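Chains as they are written, first to last, in our numbering: chain Y, 4 to 152; chain U, 9 to 783.
We put the CB at the ideal spot given by N, CA and C, even for glycine.
Predicted, not measured: the structure shown is a model, and the values here were computed from it.
A short write-up of the structure that comes next.
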Amino acid sequence: MLVTFYLNNTQVSYDVRPDEYLSHTLRSHGIKSVKVGCNESTCGSCTLLVDDKPVMSCSVLTASIEGKHVTTVEGIQEEAAKIAYHFAEEGADQCGFCNAGYALVVYALKREIKNPTEEQIIDYIVGNLCRCSGLQSQLNAIKAYLKEE
Amino acid sequence: MAVDKKKLKVVNNKTHSIDGQGLMQGRSYYTDDLAEQNSLVIKILRSPHAFAHIKSIDVSEAQKLNGVALVLTYKDVPHVSFSRAGQGYPEPSPHDKFILDEYVRYVGDEVAMVAAVDERVAEEALKLIKVEYEVLEPVLDFETAYENKSIIHPEDGIKEMFPIGFEPKKNVAAAYEMEVGDVEKELAKSDVIVDETFYSQAQAHAMLETHSSNARLDAHNRLVIYSSTQTPFHMRRIMATTLGLPVSKIRFIKPRVGGGFGGKQAFHGEMFCALTTLRTGKPSKLVYTREEVFGASYTRHPMRIRMRIGAMKDGRINAIDCRSLSDTGAYGEHSLTVFMIVGSKVLPLYNKVDAVKFGGQVVYTNHVPAGAYRGYGAIQGNYALEATIDILAEKLGMDPKVLREKNSMKEKETSPIFEIMGEGTKGTAMIMESCKLPYCIKRGAELIGWEKNWPRVKVSDTKVRGYGMAIAMQGSGIPFMDMGSCSIKLNDGGSYNVTVGATDIGQGSDTLIAQIVAEELQTSVDNILIYSSDTDLTPFDCGAYASSTTYISGNAAWKAAIKMRERLIKEAAEYLSEKPENVEFDGKIFTSKDKQVSLYDLSVQFLYNKNLHQVSITESYYGHVSPPPFMAAYAEVEVDLETGEYEVLNYVTVTDCGTTINPMLARGQVEGGIVQGLGMACFEDVKYDKKGNLLSNNFLGYHIPTHKEIHKLTSEFADSYEPTGPFGAKSVGEIGIDTPPAVICNAIYNATGVRVHNLPITPEKILKGLKELKK
Numbered sequence: 004m005l006v007t008f009y010l011n012n013t014q015v016s017y018d019v020r021p022d023e024y025l026s027h028t029l030r031s032h033g034i035k036s037v038k039v040g041c042n043e044s045t046c047g048s049c050t051l052l053v054d055d056k057p058v059m060s061c062s063v064l065t066a067s068i069e070g071k072h073v074t075t076v077e078g079i080q081e082e083a084a085k086i087a088y089h090f091a092e093e094g095a096d097q098c099g100f101c102n103a104g105y106a107l108v109v110y111a112l113k114r115e116i117k118n119p120t121e122e123q124i125i126d127y128i129v130g131n132l133c134r135c136s137g138l139q140s141q142l143n144a145i146k147a148y149l150k151e152e
Numbered sequence: 009m010a011v012d013k014k015k016l017k018v019v020n021n022k023t024h025s026i027d028g029q030g031l032m033q034g035r036s037y038y039t040d041d042l043a044e045q046n047s048l049v050i051k052i053l054r055s056p057h058a059f060a061h062i063k064s065i066d067v068s069e070a071q072k073l074n075g076v077a078l079v080l081t082y083k084d085v086p087h088v089s090f091s092r093a094g095q096g097y098p099e100p101s102p103h104d105k106f107i108l109d110e111y112v113r114y115v116g117d118e119v120a121m122v123a124a125v126d127e128r129v130a131e132e133a134l135k136l137i138k139v140e141y142e143v144l145e146p147v148l149d150f151e152t153a154y155e156n157k158s159i160i161h162p163e164d165g166i167k168e169m170f171p172i173g174f175e176p177k178k179n180v181a182a183a184y185e186m187e188v189g190d191v192e193k194e195l196a197k198s199d200v201i202v203d204e205t206f207y208s209q210a211q212a213h214a215m216l217e218t219h220s221s222n223a224r225l226d227a228h229n230r231l232v233i234y235s236s237t238q239t240p241f242h243m244r245r246i247m248a249t250t251l252g253l254p255v256s257k258i259r260f261i262k263p264r265v266g267g268g269f270g271g272k273q274a275f276h277g278e279m280f281c282a283l284t285t286l287r288t289g290k291p292s293k294l295v296y297t298r299e300e301v302f303g304a305s306y307t308r309h310p311m312r313i314r315m316r317i318g319a320m321k322d323g324r325i326n327a328i329d330c331r332s333l334s335d336t337g338a339y340g341e342h343s344l345t346v347f348m349i350v351g352s353k354v355l356p357l358y359n360k361v362d363a364v365k366f367g368g369q370v371v372y373t374n375h376v377p378a379g380a381y382r383g384y385g386a387i388q389g390n391y392a393l394e395a396t397i398d399i400l401a402e403k404l405g406m407d408p409k410v411l412r413e414k415n416s417m418k419e420k421e422t423s424p425i426f427e428i429m430g431e432g433t434k435g436t437a438m439i440m441e442s443c444k445l446p447y448c449i450k451r452g453a454e455l456i457g458w459e460k461n462w463p464r465v466k467v468s469d470t471k472v473r474g475y476g477m478a479i480a481m482q483g484s485g486i487p488f489m490d491m492g493s494c495s496i497k498l499n500d501g502g503s504y505n506v507t508v509g510a511t512d513i514g515q516g517s518d519t520l521i522a523q524i525v526a527e528e529l530q531t532s533v534d535n536i537l538i539y540s541s542d543t544d545l546t547p548f549d550c551g552a553y554a555s556s557t558t559y560i561s562g563n564a565a566w567k568a569a570i571k572m573r574e575r576l577i578k579e580a581a582e583y584l585s586e587k588p589e590n591v592e593f594d595g596k597i598f599t600s601k602d603k604q605v606s607l608y609d610l611s612v613q614f615l616y617n618k619n620l621h622q623v624s625i626t627e628s629y630y631g632h633v634s635p636p637p638f639m640a641a642y643a644e645v646e647v648d649l650e651t652g653e654y655e656v657l658n659y660v661t662v663t664d665c666g667t668t669i670n671p672m673l674a675r676g677q678v679e680g681g682i683v684q685g686l687g688m689a690c691f692e693d694v695k696y697d698k699k700g701n702l703l704s705n706n707f708l709g710y711h712i713p714t715h716k717e718i719h720k721l722t723s724e725f726a727d728s729y730e731p732t733g734p735f736g737a738k739s740v741g742e743i744g745i746d747t748p749p750a751v752i753c754n755a756i757y758n759a760t761g762v763r764v765h766n767l768p769i770t771p772e773k774i775l776k777g778l779k780e781l782k783k
């Protein structure tokens, strides 16, 4: 079936199976920034924004996004660079596999909640697992990014 | 000659990881990102039984399915035993695995392989394979494995590469014994003896990128494999031997790796990709599902460790006896070497004993195999030893910190264990040229407020805070065995290509090697173009394991940079018609009296104008010692006495890893290790049902630490300089994981009086203990 949606503000039409998930569709079309860590919506690595809300794309049927706006990390390159700067400042980046998903969830958090409390930040990002860092450095980096004007 | 740390401009200075931004921006850089678009997709049929013999297997229906390119069973693959472990040569792990076998030894073991045009067809084909099993009685309790009537490896053709105590007919993968002095005699002389037994569980690596590999044939019909591996050079060697191919026909490329922690030292899907591509001529790929990572790769070795320690009333420790039993699961990957580390990187902490003994067995069971995992035996041993030290301190009526200060390793001291125990072989004698453990203990105590708070502070009638501590050591590579090398090539314009076999798996080795080279050549990190690792293009490196990269590969890089600097000065001297000793180089300009030439001009001249030649250097390094990093760790935990629930409010560490080449990355290693260790201490648990089915096979059933559980980490480094390390550095990849089980165990005891002897330390166990105390 043909599904038409906006990928980083550009209209695309992909021929997909009705039971195909968005992470699979995008990766099979060469958009490899979408990382699949578990394929069962438990790790957050495949996080994307659908109409500005973070979703785990391994569990979103591509057929369900007809007409919607999908943002991958390619759509927020400048913000991702800013987040990366703060991760580097805090020594929070290691293997990087979860990082593109983190960039998207942190960016969405900044747009959705103004001046979030630490609890709100943690609630927002807790679904994005990281096995490398000590987590504290990540949280500090995220806080520093959120403070940026 | 020691380098003056204050004069360093790049090393030991804040430097951003060189690839952090690109990865955050989503660059296609990991193994599966680089698979050929039209790769055949490989899927594995896995055993539903913990132990069975395949009576018959019929793949005819699967082969007929449209889109299926290849189906393989044990009848179709070379019957050559090997070890998946991914170690040097000869391997200290038994060759007890076949690519596919007529026996399956755990739920998840490989039965058959299908390669098809896509995942859907491959999965459909798996369902069409008909297998008749003779189900055998599994061994699911490692304490009953020895000489069990069920023999897990009854087959012929398996072997040890050198004596490791391999007795498969008794279900023994490896065994080891050592003794210094007479432990029984010293224990008998002791005023106080403690005798405690601890159990540590299996732990899953849970790296975010699952095991992935893919293959294709290049224009020369050579096999080119991308693999998410920690050991590309070992992979090439082991694959060549096992498949009967010349090494020259195989090229392994390690692109970016999404976390390893020891889990990617081993083979996981590479053999199947190789066979598929060799037999079909088509590119292929195998990406493990998350369930396969949990259920069909390998875990940490579960262990039972009995510690007996004898001491005099004044707190002098006389003797330590450590008896261990390790569960290697279905295959003996890293069986002996992990086992030996339980002794060799734990017991030397208390080096003033008159006698020390270590030994026991590594047994097979029908569980998911165990293998390399960060800490590599040291975390298991540390839990048992450091909890027992606290028990001893209480019996002696001493502060456990004082007991540790009195008996632990100091600078310029040694332990006879270093010479006796290596990794699978004899060890190497060494003196601790750098050991700031006394400072680490003192400083950590200040940071946690030990004097004021230990052992507990009552918060309310139902809440109490407990304080616990432990000390730890690790190593820096395996002496005379682990080798790293580095090539540096001068480009026109004065930048340098640096190629290393050292495998960056996310720990940041590309960044820190670039820093080392930049420091020596007085340039900036962005002028260093580093590339790792590719068996065709980069020089050899043993790989990322045994805390070897900073020390071994870092030393190779430093050596190469020193040689490059000397070479450049010689080249400039020739160019300027001067003697090398009269030429000075500041990283950009060569000066001799009134003459000078820039590196920029010189590099362009060599390639285009005058005395044309390529300037390049290759150097390698292997350790003659393995200087241990040391750590003192403290925790503050708050326990709810009504529920047994607890929170780790603050985890303090002070680490001596010599010079921190990259202070932020070093902290990342320490804190990342601590958090994984806390996971093991507090809740991570690999669980099976009574038939050997893995229950914890996803992130819902196997919880890893998140921001909800991690509150405060306080991480400092001691000012230390290791004279044999690059710019004074030791390695730091594993030390962080070692302490949490013992520290949390000790803190919980100090808070509640409940001593938990089996990991993880759950609220249920604490509550049960509290109820027993009330009786």
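Residue span of the beta strand (DSSP E) that contains residue i, given as start and end
i: residue 662 of chain U; result: 654 to 664
i: residue 72 of chain Y; result: 72 to 74
i: residue 188 of chain U; result: 180 to 188
i: residue 136 of chain U; result: No beta strand (DSSP E) contains residue 136 of chain U, which is instead part of the alpha helix (DSSP H) from 127 to 136.
i: residue 118 of chain U; result: 118 to 124
i: residue 389 of chain U; result: Segment 386 to 404 is the alpha helix (DSSP H) holding residue 389 of chain U; no beta strand (DSSP E) there.
Reduced DSSP secondary structure (H/G/I, E/B, other) of residue i
i: residue 506 of chain U; result: strand
i: residue 457 of chain U; result: coil
i: residue 336 of chain U; result: strand
i: residue 641 of chain U; result: strand
i: residue 683 of chain U; result: helix
i: residue 322 of chain U; result: coil
i: residue 600 of chain U; result: strand
i: residue 718 of chain U; result: coil
i: residue 197 of chain U; result: helix
i: residue 347 of chain U; result: helix
i: residue 553 of chain U; result: coil
i: residue 708 of chain U; result: coil
Nearest-angstrom Cα separation, counted from residue j out to residue i
i: residue 779 of chain U; j: residue 395 of chain U; result: 22 Å
i: residue 137 of chain U; j: residue 299 of chain U; result: 21 Å
i: residue 499 of chain U; j: residue 236 of chain U; result: 30 Å
i: residue 758 of chain U; j: residue 398 of chain U; result: 10 Å
i: residue 773 of chain U; j: residue 751 of chain U; result: 16 Å
i: residue 13 of chain U; j: residue 721 of chain U; result: 26 Å
i: residue 769 of chain U; j: residue 690 of chain U; result: 5 Å
i: residue 601 of chain U; j: residue 511 of chain U; result: 43 Å
i: residue 619 of chain U; j: residue 611 of chain U; result: 11 Å
i: residue 513 of chain U; j: residue 393 of chain U; result: 31 Å
i: residue 268 of chain U; j: residue 29 of chain Y; result: 26 Å
i: residue 380 of chain U; j: residue 117 of chain Y; result: 45 Å
i: residue 139 of chain U; j: residue 89 of chain U; result: 23 Å
i: residue 289 of chain U; j: residue 225 of chain U; result: 7 Å
Residue environment, residue i, which counts as buried when at least 16 other CB atoms sit within 10 Å
i: residue 4 of chain Y; result: exposed
i: residue 580 of chain U; result: buried
i: residue 767 of chain U; result: buried
i: residue 83 of chain Y; result: buried
i: residue 621 of chain U; result: exposed
i: residue 97 of chain U; result: exposed
Beta bridge counterpart(s) of residue i as assigned by DSSP
i: residue 272 of chain U; result: The partner list for residue 272 of chain U (beta bridge, DSSP) is empty, contrary to what the question assumes.
Endpoints, the alpha helix (DSSP H) within which residue i is located
i: residue 4 of chain Y; result: Segment: none, residue 4 of chain Y is in no alpha helix (DSSP H) and carries neither H nor E.
i: residue 568 of chain U; result: 562 to 584
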